[in-house]
Structures are given as C-alpha cells and as structure tokens.
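A short worksheet on the structure shown next.
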Amino acid sequence: MRKLIPVFAALILGFGIGTSQAEIRSHEVTYSQNGTTLKGYIAYDDKIKGKRPGVLVVHEWWGHNDYARKRARMLAEMGYLALAVDMYGDGKTANHPDDAKKFMMAVTGNMDTLKARFDAGLKYLRGSRIVEPDNIAALGYCFGGAVVLNMARAGTDLKGVVSYHGSLGTATPAEPGKVKARVAVFTGADDPMIPADQVAAFKAEMDKAGVNYKVTVYPGAKHSFTNPDADKYGQQFNMPLAYDAAADKDSWAQTDAFLKEVFGRK
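Letter by letter, the sequence shown follows residues 1 to 266 in the UniProt record's numbering.
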C-alpha cells in the first residue's frame with residue numbers, strides 16, 4: 001500500500017432532486033472499526049420522502065474537516081443521503097503537512113486497515129432507513145480520491161466512484177472483471193503530483209481491466225483545484241496547490257450527471 005500514491009506519498013497521502021424548498025439536515029455521527037472510534041457527518045434533505053441513493057465522501061489528507069462536510073451538504077441538496085467519513089479515527093484533522101502525512105501514512109501503510117475504515121463507513125450508510133442500500137457511490141478528494149479508486153480496484157460493491165485530484169497510481173492494479181463501479185477521474189494538467197505519465201498509466205490500467213471509466217484533465221489546473229482553501233495552503237506551506245473555479249464548477253457539473261447515470265435517475 002506504500003505505493004498507493006508514488007509521487008504524492010511524501011506530501012499528501014492528501015434524495016430525489018433538491019430544490020430551493022429543500023431543508024438540509026446534517027449532524028455528526030459516530031461509528032467504529034476494530035475498536036477505533038470514527039466520527040462522520042450525515043447530510044440529507046428532509047423534504048424528500050422515502051429512500052434515496054447514498055454517497056460517501058472521503059476527505060483530503062487534512063482529515064475530516066469542513067470541506068468534506070460542505071461536499072456532503074452539496075450532495076444532500078442534489079437529493080442524496082451523504083456521509084462524510086473519517087479515515088483517520090477520532091475525527092483527527094491536520095493544520096500542517098507534517099501532521100497530515102503522519103495521519104495518512106498510519107492508514108495507507110496497511111491496505112486491510114484502509115479498506116476496513118472505508119467499509120465501516122459504507123456499512124453505516126447502508127444501515128440508514130432512508131437510503132437505497134444497493135445504490136451507493138463514493139467521492140474522494142486528494143488522499144480520498146486515491147482511496148475510492150483503490151476501493152473500486154478491490155471490487156467494493158459501489159455504483160460509481162469519483163476521484164478529484166487524487167493519485168492514480170497503485171500497487172494493486174485493477175483486474176479484469178473485478179471492478180464493479182463506474183469510474184470518473186478529474187485531474188489537473190499542471191499538477192506535479194499527478195503527472196501526465198501517471199494519467200496515461202491509469203488509462204492503460206483501466207482499459208486492460210475493461211473498466212467503464214472517464215478521465216477529465218483540466219489545462220492549467222494544479223493540485224487541490226476543487227478546494228477554495230488551496231491557495232491559502234499552497235502559499236502557507238510552499239506547496240503546488242491552487243484553486244481553479246472553472247475546473248471546480250465543471251467537475252461538479254459532470255459529477256451531477258455521472259451520479260444520475262449510475263443511479264439510473266434522469
């Protein structure tokens with residue numbers, strides 16, 4: 001699992017349709033994995049009656065923070081039951097890259113632990129009385145993007161996974177017939193952490209495994225282009241991070257269409 005994000009490992013391993021009448025409800029939740037307390041965040045539109053598809057949100061290497069929760073609320077506005085998961089345990093978050101790297105490596109150093117943490121969130125979401133348990137997708141940012149791609153490679157039963165500026169490298173390439181999820185990847189052409197050769201290798205891997213996938217590369221976009229705080233972090237820590245409003249907007253619009261397709265919704 002140490003090869004999960006080759007270039008990035010030293011840095012970042014980083015219900016119906018909602019309307020203006022929607023009333024988004026959200027709250028923190030607690031679940032566990034092998035004795036480790038995990039602190040997540042649920043969001044949904046309580047104006048929608050009955051069950052709806054569910055979406056997991058896997059955080060950046062900074063941990064389960066307000067950005068992951070914002071995306072969960074955005075998904076709730078789109079009509080889904082969203083759960084922002086906690087991959088580090090106890091809701092830990094980092095304010096410095098050194099801490100983020102430490103938290104990340106503690107999880108990515110063991111594929112079994114990584115998968116178990118993800119599966120714990122998936123089990124919790126599937127247990128909700130208002131979710132369609134067989135209609136689940138997962139989105140991931142940075143570190144989280146690598147996580148959801150590796151869960152797809154592992155054959156996790158998901159309708160789709162979406163990676164935003166996540167590493168595309170892996171020590172366990174997809175095998176033909178094993179990947180159940182459809183895959184969407186959004187990455188920046190000027191992201192030194194996800195270079196062009198890694199993108200090309202990922203496409204070759206997906207083609208060889210027969211995966212239904214799509215890769216969108218944004219010219220000029222750098223790492224963490226969906227996060228408005230990227231400029232601040234980039235300047236503070238001298239990292240190649242930058243927000244790109246156009247790429248953020250387009251990737252979210254494509255995500256909306258992707259989720260409707262994989263969930264069989266118009």
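Yeah, the Cβ is synthetic: ideal placement off N, Cα and C, and Gly gets one too.
By the Cβ criterion, the segment 77 to 93 is not in contact with the segment 218 to 238, since fewer than three pairs of Cβ atoms, one from each stretch, lie closer than 8 Å. Of the residues 168, 162 and 99, the one whose Cα lies closest to the Cα of residue 184 is 162.
The criterion of a C-beta distance shorter than 8 Å is not satisfied by residue 222 and residue 195. Note on geometry: alpha-carbon atoms of residue 47 and residue 128 lie some 16 Å from one another. By the Cβ neighbour-count rule, residue 27 is exposed, with fewer than 16 other Cβ atoms within 10 Å of its own. Rounded to whole angstroms, the separation of the alpha carbons of residue 23 and residue 101 is 37 Å. Residue pairing by DSSP places residue 188 opposite 218 in a beta bridge. Between the alpha carbons of residue 207 and residue 137 lies a gap of roughly 21 Å. Residue 89 sits close to residue 36, with the two beta carbons spaced by under 8 Å.
Between the C-alpha atoms of residue 202 and residue 166 there is a straight-line separation of about 12 Å. Counting along the chain, residue 139 sits inside the beta strand (DSSP E) bounded by residues 131 to 141. For residue 94, there is no enclosing beta strand (DSSP E), since its DSSP letter is neither H nor E. Residue 253 and residue 25 have their alpha carbons spaced roughly 23 Å apart. Taking C-beta separations shorter than 8 Å and ignoring five residues to either side along the sequence, the partners of residue 260 in its chain run 266, following chain order.
The continuous alpha helix (DSSP H) containing residue 75 extends over residues 66 to 77. Between residue 144 and residue 60, the C-beta spacing is below 8 Å.
Straight-line spacing of the CA atoms in residue 117 and residue 190 works out to 31 Å. Contact check for residue 54 against residue 147 fails: the beta carbons are separated by 8 Å or more. The three-state secondary structure of residue 41, taken from DSSP, is strand. Under DSSP, the beta-bridge partners assigned to residue 213 are 183.
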